[in-house]
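Novice: The structure follows.
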DNA sequence: TTCAAAATCAACAAAAATCAACAAAACAAA
DNA sequence: TTTGTTTTGTTGATTTTTGTTGATTTTGAA
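Protein chains in written order, with the numbering used here: chain A, 1 to 262; chain B, 263 to 524.
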């Protein structure tokens, strides 16, 4: 949306998103600037909707209030729920899955609680703990060292576990979709994990909400592996025409939001 | 979702969800603000449906079925919350911890969200995902294959990760305490994990609520390793006299819910 | 029904946070 | 270096929140 107006913008936003709620005082002490500076910087951020201000504190718009804190969980929530619903219908009881990390996958994991006897491999601790507690499921957590903002793992053992698996579907996500470049993400390790999961899976499900078809603020540059013939794309609105050619070989599922409430 | 109206909204909601039911009094003492402030803040929260108010208390709208809440977590909930509070006070920012699985440990993990810069090793996917998302924490998930009722791992890699660690505290639990036999659990793998965690830790914290001092319906038969001199026992009521001798060498912290206030 | 205890509410003074304006400091270009 | 511009911290006025007090309502028990 709007460009940063101060050199502190990024750090403040990051800290607020991380902590959920911080007082202006606290933040000014942590960052070693006056409280007035924090206020000056945060005013435009609040106006552009990047964060919320309450008297005495700053609160993140991104962080959920619930314990499972995923930084982008509340962004486009309804779309993600609708997409999750569709994915949960594609998957049948007894299927085996590889699930990547990301907020859409977190919703899908929630929705998959309805399914039974699932075999799941994932590098997301959140997905793992969500599905492990369903009796009858068989869940493997891939990886040891967890990334601190989303609890995902990309260490060597994570790849070993994924590569050893053979699953019916892998469930992938992306930060952006581009008509020519395909699906893009920000980090190399995410691409590598997607490659590993695709190679272990008979079929891939790519889940992206409509916002991913628009240009992003922070441009992702790394290409996810190309989807294969018959792979599945799940989204909440029909993709723009520009994508028609590149999605021609895919099985596209569109879930309008009103199809699912709850 | 409606945006918070006060800097306390977030914390109140978290505590209410965690405790299930809290009186306004209790909350105001725990948070160090007046009861009137709690009322003022909770009124809009109740109107937006984030929690419910009844005369005398606030009650969570989160059902026990919600993902982060294990069903067993509602058993003796107050005691576990009180114990978790005490443990979270013993642990300081920057400490390193090994945390076992179990519902008490799940509460402790929730409470430890207040701490910063923690290094955590755990074989519970729930604990891992709870603490991994706190910025600045360094969390390792020990193990790959997850047990289906609680999302804990006891495979070879779990032990390898725990054995490689060196931590300030390990946080352990038990199904029952016996004056002569010590702390007992149901499964051998839990004992082995406790041994591994104790060996990796400078000091151990055993967290058991009062119900564990009574005979259990399903008798656990396997003995946890003996606690060492100066190890810490956290419980919610003073143990019966029969335990006096066996706890003599321990640093016993008792947090009765009312004693803790003030 | 009644009463007594406890919880809630309303109102006001005290405390804290915010804002606006200005001076000091930092910075960049010449 | 100097100048002009921008950013930052400080001050005091203003606004919002907080705790206290006392009145009102609710609860539970006679």
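Idealized CB from N, CA, C, for every residue including glycine.
Using only alpha-carbon positions, find the residue among A:60, A:179 and A:140 that is nearest to residue 46 of chain A.
Specialist: Among A:60, A:179 and A:140, the Cα nearest to that of residue 46 of chain A is on A:60.
Novice: Check this for me: beta carbons of residue 513 of chain B and residue 497 of chain B, under 8 angstroms apart or not?
Specialist: The answer is no: Cβ separation not under 8 angstroms.
Novice: Quick check: the Cα distance between residue 287 of chain B and residue 53 of chain A, rounded to an integer number of angstroms?
Specialist: So the two alpha carbons sit approximately 27 angstroms from each other.
Novice: Measuring CA to CA, which of A:165, A:232 and A:127 is closest to residue 86 of chain A?
Specialist: Of A:165, A:232 and A:127, the residue nearest in Cα terms is A:232.
Novice: Can the beta-carbon of residue 448 of chain B be found less than 8 angstroms from the beta-carbon of residue 135 of chain A?
Specialist: Not closer than 8 angstroms, so no.
Novice: Output, in chain order, the set of chain B residues within a Cβ distance shorter than 9 angstroms of residue 145 of chain A.
Specialist: Within 9 angstroms Cβ-Cβ: 400, 401, 402 and 403.
Novice: Name, please, each residue of chain A whose Cβ falls closer than 7 angstroms to the Cβ of residue 315 of chain B.
Specialist: Chain A residues near residue 315 of chain B: none, gap ~17 angstroms exceeds 7 angstroms.
Novice: Residues of chain A with a CB under 7 angstroms from the CB of residue 267 of chain B: which are they?
Specialist: Going along chain A in sequence order, the residues near residue 267 of chain B (Cβ under 7 angstroms) are 54.
Novice: Under 9 angstroms Cβ-Cβ, which residues of chain B neighbour residue 151 of chain A?
Specialist: The answer, in chain order, is 390, 391, 392, 393, 394, 395, 401 and 403.
Novice: Please go through the same chain and pick out, in chain order, the residues whose beta-carbon is closer than 6 angstroms to the beta-carbon of residue 408 of chain B, but skip the five residues on each side of it.
Specialist: Once the five neighbours on either side are set aside, the close Cβ partners of residue 408 of chain B are 387 and 415.
Novice: Check each residue of the segment 21-49 of chain A: if its Cβ is closer than 8 angstroms to any Cβ of chain B, include it; give the result in chain order.
Specialist: Answer set for the segment 21-49 of chain A: 21 and 23.
Novice: What residue from A:222, A:94, A:43 and A:37 has the CA that sits closest to residue 192 of chain A's CA?
Specialist: Checked all of A:222, A:94, A:43 and A:37; the closest Cα to residue 192 of chain A is A:222.
Novice: Determine, using beta carbons only, whether residue 368 of chain B and residue 393 of chain B come nearer to each other than 8 angstroms.
Specialist: Not closer than 8 angstroms, so no.
Novice: Return helix, strand or coil for residue 205 of chain A, following the three-state DSSP convention.
Specialist: Three-state DSSP puts residue 205 of chain A in a strand.
Novice: Just the C-alpha distance for residue 298 of chain B and residue 22 of chain A, rounded to the nearest angstrom, thanks.
Specialist: C-alpha separation (whole angstroms): 22 angstroms.
Novice: Return the residues of the segment 415-441 of chain B that lie within a Cβ-Cβ distance of less than 8 angstroms from chain A, sorted by chain order.
Specialist: Taking 8 angstroms as the Cβ-Cβ cut-off against chain A, the residues of the segment 415-441 of chain B that qualify are 415, 419 and 423.
Novice: Under 8 angstroms between C-beta atoms, does residue 410 of chain B make it to chain A?
Specialist: It does; some Cβ of chain A falls within 8 angstroms.
Novice: With C-beta atoms as the reference, is residue 434 of chain B less than 8 angstroms away from residue 486 of chain B?
Specialist: Against a cut-off of 8 angstroms, the Cβ pair of residue 486 of chain B and residue 434 of chain B comes out as a contact.
Novice: Does residue 372 of chain B come out as helix, strand or coil in the three-state DSSP assignment?
Specialist: Helix.
Novice: Kindly indicate if chain B contains any beta-carbon less than 8 angstroms away from that of residue 86 of chain A.
Specialist: No, its Cβ sits nowhere closer than 8 angstroms to a Cβ of chain B.
Novice: One question on the structure: do residue 121 of chain A and residue 142 of chain A come within less than 8 angstroms of each other, judged by their Cβ atoms?
Specialist: Yes, Cβ-Cβ distance for residue 121 of chain A and residue 142 of chain A is below 8 angstroms.
Novice: Which ranges does the beta strand (DSSP E) cover as unbroken runs of at least 3 residues, wholly within the segment 89-159 of chain A, from first to last along the chain?
Specialist: Complete beta strand (DSSP E) runs here, min 3: 96-99, 119-122 and 138-141.
Novice: Quick one, which residues of the segment 341-369 of chain B are near chain A if we go by CB-CB under 7 angstroms, in chain order?
Specialist: Listed by position along the chain: nothing, the set is empty.
Novice: What are the start and end residues of each continuous beta strand (DSSP E) run of 3 or more residues lying completely inside the segment 168-214 of chain A, in chain order?
Specialist: Within the segment 168-214 of chain A, the complete beta strand (DSSP E) runs of at least 3 residues are 176-178, 182-185 and 201-207.
Novice: Determine, using beta carbons only, whether residue 59 of chain A comes closer than 8 angstroms to chain B.
Specialist: At least one chain B Cβ lies under 8 angstroms of residue 59 of chain A.
Novice: Could you give the DSSP three-state label for residue 33 of chain A: helix, strand or coil?
Specialist: Correct three-state label for residue 33 of chain A: coil.
Novice: If we ignore side chains and look at the alpha-carbon of each, how far apart do residue 292 of chain B and residue 504 of chain B end up?
Specialist: Near 32 angstroms, if we compare the C-alpha coordinates of residue 504 of chain B and residue 292 of chain B.
Novice: Using a threshold of 8 angstroms, state whether the C-beta atoms of residue 366 of chain B and residue 439 of chain B are closer than that.
Specialist: No.
Novice: Kindly list, in the order they appear in chain B, the residues whose Cβ is closer than 7 angstroms to that of residue 196 of chain A.
Specialist: Ordered by position in chain B, no residue passes the 7 angstroms Cβ test against residue 196 of chain A, which lies about 15 angstroms from the chain.
Novice: Tell me whether residue 402 of chain B is buried or exposed, calling it buried when 16 or more other Cβ atoms sit within 10 Å of its Cβ.
Specialist: Counting Cβ neighbours within 10 Å, residue 402 of chain B comes out buried, since at least 16 surround it.
Novice: Considering just the uninterrupted stretch of the alpha helix (DSSP H) at residue 279 of chain B, what are its terminal residues?
Specialist: Counting along the chain, the alpha helix (DSSP H) containing residue 279 of chain B begins and ends at 271-281.
Novice: Indicate the three-state DSSP secondary structure (helix, strand or coil) for residue 481 of chain B in the structure shown.
Specialist: Looking at residue 481 of chain B - three-state DSSP - the assignment turns out to be coil, as it is neither helix nor strand.
Novice: Does chain B have any CB closer than 8 angstroms to the CB of residue 207 of chain A?
Specialist: Taking Cβ atoms only, chain B never reaches closer than 8 angstroms to residue 207 of chain A, which makes this a no.
Novice: Closer than 8 angstroms, CB to CB, is residue 498 of chain B near chain A or not?
Specialist: So no, residue 498 of chain B is outside the interface.
Novice: What first and last residue would you give for the beta strand (DSSP E) that runs through residue 233 of chain A?
Specialist: Start and end: 232-235.
Novice: Nearest CA to the CA of residue 168 of chain A: which residue from A:82, A:119, A:51 and A:17?
Specialist: Residue A:119 is the option with its Cα nearest to residue 168 of chain A.
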